[in-house]
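With the working numbering applied, the sequence shown corresponds to residues 90 to 405, in that order.
Don't be surprised by glycine CBs; every beta carbon is placed ideally from N, CA and C.
Taking it in order: structure first as C-alpha cells, then the write-up.
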Amino acid sequence: MTAMPYQPPFAETISAAARAVMTPMLDPAAQPAVTPEMLLDPVTRDFVRAGAKAMLEPIETARTARYGVEIDDDEMGAVPVRLVRRTGTGSGDRLLINFHGGGFVVDSGSLTESIPIAGLTGVAVATVDYRLAPEHPFPAAVDDALAVYRDALTRYAPSAIGVFGTSAGAILTLQLLARAKAEGLPMPAAAGLFSGAGDLSVVGDCEAYLPSLSDGRPSTDILASYCAETPRGDALLSPIRGDLTGLPPMLLMASTRDQLLSHTLIVDRALRAAGVPVDLRVYEGMMHAFWAWIECPETDTALAAQADFFVRHLPA
C-alpha cells in the first residue's frame, strides 16, 4: 500500500459543516484499502460498487426532497439513462447530459450530481449509465456518451443542450466533445468540467501531496483499467493533446484540497490557448468533488454556480 501524504488540518476559512465531514478523512485508516488491482476481481468490484451505492442513497433521497425532482428510468441511443426533472414538469425544450464520477469503475454520483442541477435550473438532466471499466475499457464509455449525445441531437437543437460531469465524468465530458468534433457533430451550447483532467499521460503537481480515494496513487495508476491498451497520448483519450478550437464555453471547477486541481488548471490553460471561453472556479479548502457528496455552504455555492452557468448558456 502506498503511504498517504501528510495532510494538515482543514483551515478555519471553510465552514464548520465542511470541516466536520472532511476532518475524519485525514486519518489514513479512513481511506478505503482498495487498489486498482483489487478491482480487477469481480467479487471485490461488486462489493465496492454496492458500497458506493449504499453511501450515496441517503444523499440522493435528501436531495430529491430538497430540490423537488422526480426521477425516471429511460434510454437514449440504446444506453440506459435516468431523467431527472422538476416534479410535475415535462422534458421541456432544453436538456443537460450528465456523466457521473467514480474513476470509470463505479457510479459515485450520477444522481447526487444531477438532482440539484435539475432542481435549480428547471432543465431536465439525463444522467448516463455508461459502461464501466475494467469490463469495458476506453472507448466504451465514450461510445455510450456519443450515442446519448447523437440521440439528444435528434430531439433538441444543439443550442439547447449542455453536457457536464464530475471527476471521471468531467474527463468523459471532454472526451465526448473531442469525439463529437472529430465526427463532425455540432457542439452543445456549454459544458461543465468539474474536477477533471484532459491529459491522462501525466501526473499533476497536486497529486504529489493531496490524498486520492485510491490508496494515494496518481490518476495515471487509478485509470489504468480504463485506458487499457490505448496509448495515453491518444488525442481522443487525452483531448488536450489534440485540437480544442471550436469547443463550447466551459465552466471548470476544482478546490484547493482536490488532487485534480492541477489537472483542472492544465485543462484551463489548454482551452484558453485554443480560444475557448472558460469560467474557472477554485474553492478554498475543500476536497475533491465536494459538491457531489458534502452538504455545506460551499456546496450550495458551487451548485448555484453550476446552475447559473447553464441557465445563462441555455436560455429558455
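Helix, strand or coil for residue i, going by three-state DSSP, please let me know.
i      : result
Pro169 : strand
Met342 : strand
Val400 : helix
Leu261 : helix
Ser135 : The question names Ser, but residue 135 is Asp in the sequence shown. In this structure, Asp135 counts as helix in the three-state DSSP scheme.
Ala107 : helix
Glu101 : coil
Ser303 : The predicted model places Ser303 with a pLDDT of 45, which falls under 50 and marks its position as unreliable, so this point remains unresolved.
Ile329 : helix
Ala249 : helix
Gly198 : coil
Thr150 : helix
Asp218 : coil
Asp130 : coil
Asp310 : helix
Thr255 : strand
Asp162 : strand
Ala213 : strand
Leu392 : helix
Thr91  : Any answer about Thr91 is weak, because its pLDDT of 48 lies below 50 and its placement is not dependable; what the coordinates show is given next. In the structure shown, Thr91 sits in coil (DSSP, three-state: anything other than H, G, I, E or B).
Looking at residue i: is its Cβ nearer than 8 Å to the Cβ of residue j?
i      : j      : result
Leu341 : Leu369 : yes
Ser284 : Ala343 : yes
Tyr372 : Phe193 : no
Phe188 : Gly258 : yes
Thr201 : Glu159 : no
Thr262 : Gly273 : no
Val42  : Leu265 : Residue coverage of the chain in this structure runs from 90 to 405, which leaves residue 42 outside it and unanswerable.
Phe379 : Ala317 : no
Lys270 : Gly166 : no
Pro386 : Ser180 : no
Asp310 : Pro125 : yes
Leu184 : Ala241 : yes
Pro333 : Val365 : Sequence inspection shows Leu at residue 333; the Pro mentioned does not correspond to that position. In this structure, Val365 lies closer than 8 Å to Leu333 by Cβ.
Ala249 : Ala222 : no
Ile260 : Ala297 : no
Gly190 : Ala381 : yes
Val110 : Ile383 : yes
So residue i is in the beta strand (DSSP E); what residue range does that whole segment cover?
i      : result
Glu373 : 367 to 376
Leu184 : 184 to 188
Ala324 : Segment: none, Ala324 is in no beta strand (DSSP E) and carries neither H nor E.
Ala279 : 279 to 283
Rounded C-beta distance between residue i and residue j? I'm assuming under 8 Å.
i      : j      : result
Thr216 : Ser203 : 4 Å
Leu325 : Ala280 : Actually they do not touch by this definition, with Cβ atoms about 16 Å apart.
Ala107 : Met375 : 6 Å
Tyr245 : Asp182 : 7 Å
Ala393 : Leu209 : 7 Å
Leu349 : Ser308 : 7 Å
Met276 : Pro320 : At roughly 26 Å, the Cβ-Cβ gap does not stay under 8 Å, so Met276 and Pro320 are not in contact.
Tyr156 : Pro98  : The Cβ separation is near 32 Å, so there is no contact.
His377 : Asp347 : 4 Å
Starting from residue i, trace the alpha helix (DSSP H) in both directions and tell me its first and last residue.
i      : result
Val356 : 350 to 362
Val292 : Neither: Val292 is in no alpha helix (DSSP H) and is coded neither H nor E.
Cys385 : Looking at the DSSP string, Cys385 is not in any alpha helix (DSSP H), and its letter there is neither H nor E.
Ala236 : 229 to 244
Quick one: does residue i have its CB under 8 Å from some CB of chain D?
i      : result
Ser203 : Note that chain D does not occur in the displayed structure, where there is just one protein chain.
Inset, instruction - Evaluate the contact criterion for the segment 166 to 174 versus the segment 132 to 144: three or more CB pairs, one atom per stretch, below 8 Å. - result: Three or more Cβ pairs closer than 8 Å define a contact, and the segment 166 to 174 falls short of that threshold against the segment 132 to 144.
Inset, instruction - Determine contact between the segment 159 to 171 and the segment 345 to 355, defined as no fewer than three beta-carbon pairs at a distance below 8 Å. - result: no
Inset, instruction - Count the C-beta pairs between the segment 234 to 242 and the segment 285 to 292 that are closer than 8 Å, then say yes if the count reaches three, no if not. - result: no
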